[in-house]
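Student: Pasting a structure below so you can have a look.
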Amino acid sequence: MKRKSKKVIEYTFLILLACIFIFPMIWMIASSMKPESSIYVDMGSIQSLLPSLDPSEWFQTYQELFSRFNVFQYIFNSLTYAIVVTLGSIVVNAMAGYAFSKFNFIGKKVLFGLLIALLIVPGETLIITQFTVAHDLGILNTRLAVILPMIANIFFIYLFRNFFNAIPDEIIESVKLDGANYWTIFWKILLPMSKPAIATVGTLSFILSWNDYLWPLMVLTDTEKFPLQVAITNINSTPPVFTNQVMAILTISTIPLIIVYIVAQKYLLQGLGGSGTGIK
Amino acid sequence: MKNINARENIAAYSFLLPALILLGLFLLVPALIAIYYAFTDYYLLTPDNRQFVGLDNFIAIFKDPIFIQSLKNVGLFVVCVIPVQIGSALGLALLINKQRRGNMFFKVAFFAPVVLSLVVISVLWLYLLNPSEGLINVILERVGINPQPFLTSPDQAMYTIVFVSAWQGAGYQMLIFLAGLQNIPSSVYEASKIDGANKWQNFIHITLPLLKPTSILIMITTLIAAFKLIIQPMVMTQGGPMNSTITPVYYIYQTGFTDRLIGYASTMTVVFGILIGIVTIIQSKVSREDDSK
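Each protein sequence line maps, in turn, to chains E and G. According to this note's numbering, the stretch in the first sequence is residues 67 to 346, in order. According to this note's numbering, the stretch in the second sequence is residues 5 to 297, in order.
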C-alpha cells in the first residue's frame with residue numbers, strides 16, 4: 067500500500083513537471099486553430115489548450131495568415147538557406163578536416179593552432195564588423211550574405227578531422243597505388259565512410275541556419291528575402307496583430323525542426339556530448 | 005616532418021582554401037578590424053572622415069552608464085541561469101534515469117522546448133506573460149496569487165528572461181547528463197550498497213564525482229552562450245524596462261547597427277570579447293587540471 071501511494075505521488079509530480087515543459091507549445095498550436103476572440107474567452111480553462119470545437123475553424127487562421135503575408139515565400143527562403151548552408155558546410159568543413167587529417171603541409175601546426183585559438187573568439191560580438199565586411203564586399207541585401215558566414219565552422223572542421231583520423235592511412239595508400247587522386251580519395255572513399263560525421267554536421271548546420279535570426283535581420287532589407295525567423299517578428303509587429311495568426315506562424319516555423327529532431331535524434335548528442343570533452 | 009612535397013602542399017591548401025577564405029572574411033578579418041576601428045571614430049555614413057582617436061572610446065565606454073548597466077545585467081543573467089538551468093537539467097536527468105512505465109513520454113516532454121527557436125520561445129512567452137491577459141497571470145489568479153508584471157517590471161524582467169532561457173535549454177543538457185549517468189557502471193553502486201551507503205551518500209560520493217567531466221563541459225558551453233544573450237531581450241523587452249535587460253551584445257548591436265557608430269561599438273566588442281575570452285580560458289584551464297588528476 068505504501069509503495070503504491072509513493073508511486074502515485076511520483077507520477078503526479080512527473081506529470082505536473084511535464085506540463086510546465088509542454089503547455090506553452092500546446093497553447094501555441096491550440097491558439098492557432100481557433101478564432102481570435104475564442105483565445106481570450108478560453109483563457110485559463112482547459113479549452114485554452116484545445117483547438118476550436120468546430121473543426122471547420124481549425125485552418126481558418128492559416129488561410130488568413132497566408133492571404134495577408136507571403137508565407138510560402140518565407141518557407142521557401144528558410145528552406146533554401148538551410149539546405150545550401152547544410153550542403154556547403156558538409157563539403158567545405160570536410161575538405162578542411164581532410165587536409166588537417168591526411169596531409170603533411172607547410173604551416174599545418176601553426177594553422178591548426180590558429181583555428182583552435184579562433185574558437186575562443188565569440189562570433190556574436192563581432193556582428194558589427196562582420197556587417198562592415200559584408201557592406202564592403204557589396205553583398206548586403208543578397209541571399210549570399212545570409213548563407214556565406216554560416217558555412218565554415220571551426221568546430222565542424224575539428225569534428226571531421228577527428229573522424230578522418232580514425233580511418234587507417236593504409237586504405238588511402240592502397241587506393242593511391244591504384245592511381246586515385248586526392249579528390250577521388252576524398253569524394254569516393256572518405257566521404258562515403260563518414261556518414262555519422264556528415265549526419266551530425268548536417269543536422270547541426272540545418273538547425274543553426276534555420277534558427278538564425280540576428281544576421282539575416284541585419285543584412286536583409288527586402289521582405290521577400292526574409293527567412294521565417296525574421297518574418298515572425300515582422301508579422302508580430304505589423305498591425306493589426308492577431309494572436310492566432312502569430313501563433314500560426316510560430317507553429318509553421320517549428321514543424322520542420324520537429325521533423326529534423328525526430329529523424330536525426332541519434333546524431334544530435336554527438337555534436338556536443340559525444341565528442342568527449344569536445345571543444346578544446 | 006618527412007615526405008613533404010610540392011604536390012601534397014598544393015593539394016592540402018586547395019582543400020583548405022574554401023574554409024580559410026570564409027573564416028578569414030567572416031571571423032578573422034572582423035576580429036582584426038574591430039581592434040583597429042576601436043581606436044577610431046568611424047561613423048558608417050561618413051567613412052571618409054574616419055579619424056584615429058586613441059583611447060577616447062575606451063575611456064568613454066567605461067563612463068557610459070548603459071554599457072556599465074549592460075555588463076551588470078549580463079552578469080546577473082549568467083549568475084542566475086547557470087545554476088537554474090544546469091540544476092534543472094541534472095534534476096530531470098536523475099528523475100528519468102530509471103526503468104518506469106511512460107518514461108519515454110516524460111523524456112520527450114522535458115526535451116520539447118529545445119525544438120523551439122529562441123525567436124519562437126521569446127514571442128510565445130511574450131504572449132503567455134502578458135500582464136493583463138496572458139495565460140500565466142490568469143492561472144496565478146485562479147490559485148489566488150496576485151498578477152505579476154513580469155517583463156514590464158525592471159525588478160522582474162531579467163529573472164523572467166532567466167526562467168524562459170532555462171526552460172528552453174534544460175532539456176538538451178538533461179540528455180547529455182543522462183548519457184553521463186548511463187556511463188556509470190552499475191557495479192559501482194552495487195559495491196557501495198554492500199558497504200551500506202544510502203541513496204543520498206551514493207549521489208554525493210559516486211554520481212556527482214563521476215559526472216564531473218560532463219558537468220564541466222556543460223558549464224563552459226552554457227557560460228559562453230549566456231554571455232552572448234541578445235535575442236530574448238531584443239524580442240521580449242527591447243532592453244527595457246529602464247535598461248534592466250539590455251546586454252552588451254544587444255548594446256553593441258544598437259550603437260553599431262542602429263546608430264551606425266562603428267568605432268564606438270567596436271571598442272565595446274574588443275573589451276567584451278576579451279572578457280569572454282578570459283573567462284573561457286580560465287574555465288578550460290580549470291577543467292584541464294581536473295582531467296589530469
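Beta carbons are placed, not taken as given, at the ideal position from N, Cα and C, and that holds for glycine.
Closer than 8 Å, CB to CB, is valine 124 of chain G near chain E or not?
Tutor: Yes, valine 124 of chain G counts as interfacial toward chain E.
Student: What is the DSSP secondary structure of threonine 44 of chain G, counted as helix, strand or coil?
Tutor: Residue state, collapsed to three classes: strand.
Student: Fully enclosed by the region 58-135 of chain G, which alpha helix (DSSP H) runs are 4 residues long or longer?
Tutor: DSSP runs (the alpha helix (DSSP H)) wholly in the region 58-135 of chain G: 60-67, 69-100, 107-115 and 122-132.
Student: Can you pull the chain E neighbours of alanine 38 of chain G, defined as C-beta to C-beta under 7 Å?
Tutor: Those are Leu192 and Thr195, listed as they occur along chain E.
Student: Look at glycine 267 of chain G and asparagine 53 of chain G and say whether their C-beta atoms are less than 8 Å apart.
Tutor: No, Cβ-Cβ distance for glycine 267 of chain G and asparagine 53 of chain G is not below 8 Å.
Student: Which chain E residues sit within Cβ distance under 9 Å of proline 117 of chain G?
Tutor: The contacting residues are Phe87, Ile88, Pro90 and Met91.
Student: Are there three or more Cβ pairs, one per stretch, closer than 8 Å when the region 221-236 of chain E is compared with the region 281-298 of chain E?
Tutor: Output reads no: the region 281-298 of chain E does not touch the region 221-236 of chain E.
Student: Could you pull out every residue in the same chain whose Cβ sits closer than 8 Å to the Cβ of isoleucine 224 of chain G, ignoring the five residues on either side in sequence?
Tutor: Result list for isoleucine 224 of chain G: Thr284, Gln287, Ser288 and Ser291, in chain order.
Student: Is there a C-beta anywhere in chain G that falls below 8 Å from the one on proline 234 of chain E?
Tutor: Chain G contact via Cβ: absent.
Student: I want to check one thing, is the minimum distance from the CB of alanine 165 of chain E to the heavy atoms of the ligand GTP below 7 Å?
Tutor: For the ligand GTP, the structure offers nothing, since it holds no ligand at all.
Student: I'd like to know if alanine 35 of chain G contacts chain E, where contact means its C-beta is closer than 8 Å to some C-beta of that chain.
Tutor: True, the Cβ-Cβ gap to chain E drops below 8 Å.
Student: Along chain E, in chain order, which residues have C-beta atoms closer than 7 Å to that of threonine 164 of chain G?
Tutor: Within 7 Å Cβ-Cβ: nothing; threonine 164 of chain G doesn't reach chain E, min ~14 Å.
Student: Just to make sure I have the definition right: I need the residues of chain E whose C-beta is within less than 7 Å of the C-beta of asparagine 13 of chain G. Which are they?
Tutor: Under the 7 Å cutoff, chain E gives Phe171 and Ile172.
Student: Is leucine 122 of chain G near threonine 320 of chain E, with beta carbons less than 8 Å apart?
Tutor: Not in contact: leucine 122 of chain G and threonine 320 of chain E (Cβ atoms no closer than 8 Å).
Student: Could you tell me whether the region 181-196 of chain E touches the region 262-278 of chain E, where touching means 3 or more Cβ pairs closer than 8 Å?
Tutor: Judged by Cβ distances under 8 Å, the region 181-196 of chain E makes no contact with the region 262-278 of chain E, as fewer than three pairs qualify.
Student: Using the Cβ count rule (16 or more neighbours within 10 Å means buried), how would you classify isoleucine 315 of chain E?
Tutor: When all chains shown are included, isoleucine 315 of chain E counts as buried.
Student: Does the distance from the C-beta atom of phenylalanine 81 of chain G to that of leucine 214 of chain G stay below 8 Å?
Tutor: Going by C-beta atoms, phenylalanine 81 of chain G is not nearer than 8 Å to leucine 214 of chain G.
Student: Can you confirm whether proline 282 of chain E, when its beta carbon is compared against all beta carbons of chain G, has any partner nearer than 8 Å?
Tutor: Answer no: the Cβ-Cβ gap between proline 282 of chain E and chain G never drops below 8 Å.
Student: Among the residues of its own chain, which have a CB less than 8 Å from the CB of glutamine 38 of chain G, if the five just before and after it don't count?
Tutor: Here residue 38 of chain G turns out to be alanine, not glutamine, going by the sequence shown. For alanine 38 of chain G, where only same-chain residues beyond five positions count, the Cβ hits under 8 Å are Ser270, Thr273, Val274 and Gly277.
Student: Helix, strand or coil, according to DSSP, for phenylalanine 229 of chain E in the structure here?
Tutor: Looking at phenylalanine 229 of chain E - three-state DSSP - the assignment turns out to be helix.
Student: Of all the alpha helix (DSSP H) runs that stay within the bounds of the region 305-341 of chain E, which reach a length of 4 or more residues?
Tutor: You should have 309-329 and 331-334.
Student: Measuring straight from C-alpha to C-alpha, what distance separates lysine 174 of chain E and phenylalanine 166 of chain E?
Tutor: Roughly 7 Å separates the two Cα atoms.
Student: Answer with buried or exposed for phenylalanine 138 of chain E, where buried requires no fewer than 16 other C-beta atoms within 10 angstroms of its C-beta.
Tutor: Phenylalanine 138 of chain E should be labelled exposed.
Student: Assuming valine 241 of chain E contacts isoleucine 251 of chain E (C-beta within less than 8 Å), just tell me the rounded distance between them.
Tutor: Contact holds; Cβ gap of about 6 Å.
Student: Alpha carbon to alpha carbon, how far is glutamate 12 of chain G from tryptophan 249 of chain E?
Tutor: The straight-line gap from Cα to Cα measures roughly 12 Å.
Student: Using C-beta distances below 6 Å, list every residue in its chain close to alanine 148 of chain E, excluding the 5 sequence neighbours before and after it, in chain order.
Tutor: Taken in chain order, the residues that qualify are Phe272, Ser275 and Trp276.
Student: Spatial neighbours of isoleucine 95 of chain E within its chain, please: CB distance less than 7 Å, with the 5 preceding and 5 following residues excluded, ordered by chain position.
Tutor: Same-chain partners within the cutoff: Thr317.
Student: Would the beta-carbon of lysine 100 of chain E fall within 8 Å of that of proline 121 of chain E?
Tutor: Not a contact, by the Cβ cut-off of 8 Å.
Student: Between phenylalanine 132 of chain E and isoleucine 63 of chain G, what straight-line distance do the alpha-carbon atoms span, to the nearest angstrom?
Tutor: Distance between the alpha carbons of phenylalanine 132 of chain E and isoleucine 63 of chain G is about 51 Å.
Student: With 8 Å set as the bound, which would you pick, yes or no: does the beta-carbon of isoleucine 143 of chain G sit closer than that to a beta-carbon of chain E?
Tutor: Taking Cβ atoms only, chain E reaches closer than 8 Å to isoleucine 143 of chain G, which makes this a yes.
Student: Give the residues from the region 211-230 of chain E that approach chain G closer than 8 Å (Cβ to any Cβ), ordered along the chain.
Tutor: Per Cβ criterion, the list reads Leu214, Pro215, Ile217, Ala218, Ile220 and Ile223.
Student: I need the boundaries of the alpha helix (DSSP H) containing serine 133 of chain E, first residue and last residue.
Tutor: It spans 126-134 - the alpha helix (DSSP H) in which serine 133 of chain E sits, taken as one unbroken run.
Student: Tyrosine 106 of chain E: buried (16+ other C-beta within 10 angstroms of its C-beta) or exposed?
Tutor: Exposed: under 16 other Cβ atoms inside 10 Å.
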